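Numbering (the working numbering), first residue to last: 1 to 527. Glycine residues also receive a C-beta, built at the ideal position from the N, C-alpha and C atoms. Just so it is clear, the structure is predicted and the values come from calculations on it, not from any experiment.
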Amino acid sequence: MSTAVAPEAAPTPRSRVIPWPLAALIGVLAVGAALGAGSLVAGVVSPSSSPYLAVGDTVIRYSPEPVTEFAKATFGTADKPILLGGMAVVILLVAAAAGIASRRSRRPGVAVVTVLGVAGFAAVAFAPSFAPLDLVAPLASLLAGVVSFRWLHRLALDAADERTAGTGVSRRKVLIGSSAAVGLGALASGGGGLLLGRGAEESRATVTRMLAGSTTPAPAIPAGVDFASAVPGTTRFLTSNADFYRIDVALRIPQLRAADWRLRIHGMVDREITLTFDDLMRRPLVERTVTMTCVSNPVGGDLISTANFVGADLRDILLEAGVQQGADQVFCTSADGWTAGTPTDVVLEQGRGAMLAIGMNGEALPPEHGFPVRMIVPGLYGYVSATKWIVDMEVTTFGRDKQSYWLQRGWAERAPIKTEARIDMPKGFSSVPAGPVDVAGIAWSQPRGISKVEVRTDGGPWRPAELATEVGGDTWRMWKTRLDLAAGSHTVQVRATDADGDTQTEQRADPVPDGASGWPATIFTVA
Ligand SMILES: Nc1nc2c(c(=O)[nH]1)N[C@H]1C(S)=C(S)[C@@H](COP(=O)(O)O)O[C@H]1N2
Ligand SMILES: [Mo]
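Next up, the structure:
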């Protein structure tokens, strides 16, 4: 046994150092546990309070307009998964760095985990749809992060000690502790997601069953409303729910249950009303066939779809509330804090058909299209009319203090849908065989309807196209024509005329601020 140990070689507590890979792992595990705990508690307590998603929402809300436009243009509808994924990478790198900074003392790591936790807490607390109960999830997340970091750090320090001392007991403890943290984190976040999804899914199934039979159906859609079989590749009249275009700024689809849903109608009304889902179900429910259009749709774009919507008449509801003189804006807020302002005169217009919709193509609204309740106003672009997951309706004025989401970002206050047409076939830059060429597409002018579509080839005279059977002013109308063209390259253009006799403008305009315009053109080659 050696007794000649130099004093300076003796292991002192100060010399304990955690190897850097393990230190990084501890940081990552602790932050992972925090994220998992936040998601689990949010799942149980309040869906909109997941700190991670709240931070994502905050990033979107405060991103300058050019950044969000760039993200939409570059990533399309994948922009949200990409944002969440990017956030995950950044958070994990920060967590690993925090771990590595804590190889000796746990203080830097605890500080970083606390800062992350407080950021999540603040994001939830300042969310537009905040309710006090929402604070439970970020609080749980913060605690889980700090406690698990301190605990794993202690295990790792002990392990470092014993490695110096030559035993391996604590290293095994670190392994077990880490695995426990990973397992609990994964279970927690998975469980949170499942809890959220299941309640909403059951609720949807119930609503779908309730809708059957309690609705005045829309007039049957006649034969000959589209040319999908005559000209393969052209648009079908009704869009399936799966194919219906989707536009929203929601990071995650709000998971709501019909039984929990309330709509408060207040502001410049004689009688404030709070509607429950059962209240809506007790009202006369009508089905209306409506073509919805997004203001962001470029000329030739596909942000347009048609469905049978079932809902209660919004005009009737507002008349019961009693809209006061001078209230020119119906300002709606969704469960995720998005807002839209609709002109009161349009909502109250007799025959316009504004509604609080609960059904779509024979089932409850799909979650991504606004379950349990959304607004639909035929003839207006979605951003000024079609609030999904609607929870609040304030009758007010278009004042500066009540600017809806996209108005704050430079889009127009009033946004009626512009008369437009689109060429579906032939596809641009395609090659078609010699012989007669079928040219076909869609035209729309909600709520007026389409009376004429004309086509011209290579700048020649405009010739009328054949129109499909008309369903109504609120829906698109299909057209087709057959051209005899010489071999070579050709340009086809199209323009539509609405039921009032007004022809769509040739004037090209970008979607910003109130919708794209111009005559669509397609270039193709005849072999
Ligand atoms: N809550 C919420 N509702 C919303 C939006 C949104 O971002 N959030 N986007 C609007 C826009 S811009 C359009 S075009 C329509 C699209 O509805 P859809 O996704 O069902 O096709 O929803 C509108 N309602
Ligand atoms: Mo839109």
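Heavy atom of ligand 2 within 8 Å of residue i beta-carbon
i      : result
VAL290 : no
TYR383 : yes
SER296 : yes
LEU303 : yes
ILE417 : no
ILE221 : no
ILE376 : no
Which of helix, strand or coil DSSP assigns to residue i
i      : result
LYS427 : coil
MET210 : helix
PRO7   : With a pLDDT of only 47 at PRO7, under the threshold of 50, the placement of this residue in the model should not be trusted; the figure read from the coordinates follows. Helix, per DSSP.
SER296 : coil
PRO433 : coil
ILE523 : strand
THR306 : strand
PRO66  : helix
TRP151 : helix
ARG414 : coil
GLY460 : coil
VAL391 : strand
ARG262 : strand
SER2   : Because SER2 sits at a pLDDT of 45, beneath the cut-off of 50, its placement in the model cannot be relied upon, and the following sentence gives the value as read from the coordinates. Looking at SER2 - three-state DSSP - the assignment turns out to be coil, as it is neither helix nor strand.
LYS402 : coil
PHE126 : coil
TRP444 : strand
ILE100 : helix
GLU420 : strand
GLY326 : coil
Nonlocal neighbours in the same chain, by C-beta distance under 8 Å from residue i, ignoring five residues either side
i      : result
PRO511 : VAL295, SER296, ASN297 and PRO298
VAL182 : LEU29 and GLY32
ALA486 : VAL526
ALA10  : Because ALA10 sits at a pLDDT of 47, beneath the cut-off of 50, its placement in the model cannot be relied upon, and the following sentence gives the value as read from the coordinates. Cβ neighbours of ALA10 beyond the five flanking positions: none.
For residue i, the nearest candidate out of the options (CA to CA)
i      : options                           : result
VAL347 : ALA443, LEU285, LEU303 and PRO447 : PRO447
LEU92  : ALA24, LEU40, LEU139 and PRO232   : ALA24
TRP519 : THR505, VAL526 and THR525         : THR505
THR525 : ALA465, GLU454 and SER431         : SER431
MET292 : TRP444, ALA250, TRP389 and SER49  : TRP444
THR397 : THR342, TRP20 and LYS418          : THR342
PHE149 : ARG107, TRP20 and ARG198          : ARG107
ARG288 : ARG282, GLY351 and GLY488         : GLY351
GLY370 : LEU380, MET355, GLU363 and LYS388 : LYS388
GLY428 : GLY301, VAL118, ASP243 and GLY117 : GLY301
ARG282 : THR469, GLU454, THR419 and VAL207 : VAL207
ALA516 : PHE309, ASP134 and GLU420         : GLU420
VAL94  : ALA259, ILE273 and LEU116         : LEU116
ILE442 : LEU83, ASP316 and ARG477          : ARG477
SER334 : THR491, ALA156, PRO138 and TYR383 : TYR383
VAL241 : HIS490, ASN308, GLY213 and VAL110 : Note on identity: in this sequence residue 241 is Asn, with Val being the wrong assignment. Closest option to ASN241, Cα to Cα, is ASN308.
ARG209 : ALA218, ALA468 and GLY359         : GLY359
LEU195 : GLY43, ALA220 and GLU69           : GLY43
ALA465 : GLN507, ARG422, ALA78 and TYR245  : ARG422
MET355 : LEU280, PRO367, GLU413 and LEU303 : LEU280
Contact test: residue i Cβ vs ligand 1 heavy atom, cutoff 8 Å
i      : result
ASP336 : yes
TYR405 : yes
VAL249 : yes
GLY52  : The sequence shown places Tyr at residue 52, rather than the Gly named in the question. No, Cβ of TYR52 sits at least 8 Å from all heavy atoms of ligand 1.
TRP261 : no
PHE121 : no
Cutoff 9 Å: residue i Cβ touching any chain D Cβ
i      : result
ALA486 : The structure shown has no chain D; it contains just one protein chain.
Own chain, CB closer than 6 Å to residue i, minus 5 neighbours either side, in chain order
i      : result
THR234 : PHE227, ALA228, ASP424, MET425 and ALA440
VAL112 : ALA98
SER451 : THR497 and ALA499
GLU8   : Caution applies to GLU8, whose pLDDT of 48 falls short of 50 and renders its modelled position unreliable; the value that the coordinates give is listed next. None.
ASP270 : GLY322
VAL286 : THR216
LEU35  : TYR52
GLY449 : GLY473 and ALA499
ALA258 : SER203, VAL207, PHE277 and PRO372
LEU275 : LEU263
LYS80  : LEU251
Spatial neighbours of residue i in its chain, beta-carbon cut-off 7 Å, leaving aside the 5 residues before and after
i      : result
ALA37  : ALA140, SER141, ALA144 and ALA188
PHE331 : THR339, GLY341, GLU394, THR396, LYS402 and SER404
ASP536 : Since the first residue shown for the chain is 1 and the last is 527, residue 536 is missing from the structure and cannot be characterised.
> Counting pairs of beta carbons, one from the segment 397–407 and one from the segment 431–441, are three or more of them closer than 8 Å?
Replying inline: Touching, no.
> Is the segment 258–266 close to the segment 382–401, with three or more CB pairs under 8 Å?
Replying inline: Three or more beta-carbon pairs drawn from the segment 258–266 and the segment 382–401 are found closer than 8 Å, and the two stretches are therefore classed as touching.
>> Any contact between the segment 323–331 and the segment 173–186? By contact I mean 3 or more CB pairs, one from each, below 8 Å.
In response: By the Cβ criterion, the segment 323–331 is not in contact with the segment 173–186, since fewer than three pairs of Cβ atoms, one from each stretch, lie closer than 8 Å.
>> Between the segment 116–131 and the segment 53–63, can you find at least three pairs of beta-carbon atoms closer than 8 Å?
In response: yes
> Do the segment 232–252 and the segment 409–417 touch if we need at least three Cβ pairs shorter than 8 Å?
Replying inline: no
>> Taking 8 Å as the cut-off, does the segment 63–79 touch the segment 151–158 (at least 3 CB pairs, one atom from each stretch)?
In response: Segment contact: the segment 151–158 against the segment 63–79, fewer than three CB-CB distances shorter than 8 Å; contact not assigned.
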